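Asker:
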Amino acid sequence: MIEITKMDDKYLDGLKKMMTSEGLDFNSVSLCLDSLYVVANRLDVLGFGYYNIYDNEVYIDHLYIKRNERLSKLGDSLFRAILNSLQLQGLTVAYMRKSELYDGFLKSENILFEDERYIIDTTEFFSRKCRGSKKVSIH
Numbered sequence: 040m041i042e043i044t045k046m047d048d049k050y051l052d053g054l055k056k057m058m059t060s061e062g063l064d065f066n067s068v069s070l071c072l073d074s075l076y077v078v079a080n081r082l083d084v085l086g087f088g089y090y091n092i093y094d095n096e097v098y099i100d101h102l103y104i105k106r107n108e109r110l111s112k113l114g115d116s117l118f119r120a121i122l123n124s125l126q127l128q129g130l131t132v133a134y135m136r137k138s139e140l141y142d143g144f145l146k147s148e149n150i151l152f153e154d155e156r157y158i159i160d161t162t163e164f165f166s167r168k169c170r171g172s173k174k175v176s177i178h
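With the sequence shown counted from 1, adding 39 to any position gets you this note's numbering.
1. Is the separation between the beta-carbon of I43 and that of L117 shorter than 8 Å?
2. Among L127, A120 and L82, which has the Cα closest to the Cα of L51?
3. Which runs of the alpha helix (DSSP H) fall wholly inside the segment 90-130 and span at least 4 residues, in chain order?
4. With DSSP as the reference, label G53 as helix, strand or coil.
5. Label R106 either buried or exposed according to how many other C-beta atoms from any shown protein chain fall within 10 Å of its C-beta, with 16 as the threshold for buried.
6. How would you label G86, buried or exposed, when you count the other beta carbons within 10 angstroms and need 16 or more for buried?
7. Using a 10 Å radius around the Cβ and a threshold of 16 neighbouring Cβ atoms, would you call I159 buried or exposed?
8. Pick helix, strand or coil for F165, following the three-state DSSP scheme.
9. At the level of alpha carbons, what is the spacing between N66 and N149?
10. Less than 8 Å between the CB atoms is what I'm expecting for Y194 and R156, so what's the real figure, rounded?
11. Along the chain, where does the beta strand (DSSP E) containing D142 start, and where does it finish?
12. Are the beta-carbon atoms belonging to S74 and Y98 less than 8 Å from one another?
13. Starting from E153 and walking both ways along the beta strand (DSSP E), at which residues does that stretch end?
14. Rounded to the nearest angstrom, what separates Y103 and F152 at their Cα positions?
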């Protein structure tokens with residue numbers, strides 16, 4: 040079963056392996072492990088995402104799903120898991136910077152783009168139906 044969960048040491052090797060196979064640099068996420076979430080099938084990491092807080096604003100800085108898993112809608116589930124975690128912490132607005140990597144995804148989610156960033160209102164976002172197609176467990 041595929042699960043989305045906060046980063047745990049047991050996923051570290053799988054995350055490094057996935058990032059290397061996808062041509063990504065692990066050092067770019069090594070400082071964000073406390074706010075990183077993984078999409079995993081057992082210990083095989085299929086994707087990851089993380090957020091950071093800058094001047095009291097929360098930014099989801101990265102969402103990544105392995106190329107061969109992108110049509111399975113895991114990005115939607117990962118995005119929802121991160122937003123849900125933020126909402127449980129009492130944060131109702133998150134931002135994402137413009138990026139070729141996920142602009143198409145955010146536009147398909149009808150996320151508001153204003154002032155050179157995407158603005159995600161978690162209350163409004165969670166009033167919509169999830170589009171994931173695989174059975175996913177979120178922890």
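Cβ atoms here follow ideal geometry from the backbone N, Cα and C, with glycine treated the same way. Computed from a predicted structure; not experimentally measured.
Answerer: Looking at the atomic coordinates:
1. Contact: yes.
2. Out of L127, A120 and L82, the CA that lies nearest to the CA of L51 is found in L82.
3. The qualifying runs are 113-127.
4. G53 falls in the helix class under three-state DSSP.
5. When all chains shown are included, R106 counts as exposed.
6. G86 should be labelled buried.
7. Counting Cβ neighbours within 10 Å, I159 comes out buried, since at least 16 surround it.
8. Here F165 sits in coil by DSSP.
9. Taking the CA atoms as reference points, N66 sits about 32 Å from N149.
10. Missing from the structure shown is residue 194; the chain here goes from 40 to 178 and no further.
11. Run containing D142: none in the beta strand (DSSP E); it sits in the alpha helix (DSSP H), D142 to S147.
12. No, they are not a contact pair.
13. First-last of the beta strand (DSSP E) with E153: L151 to E153.
14. Taking the straight line joining both Cα atoms gives about 20 Å.
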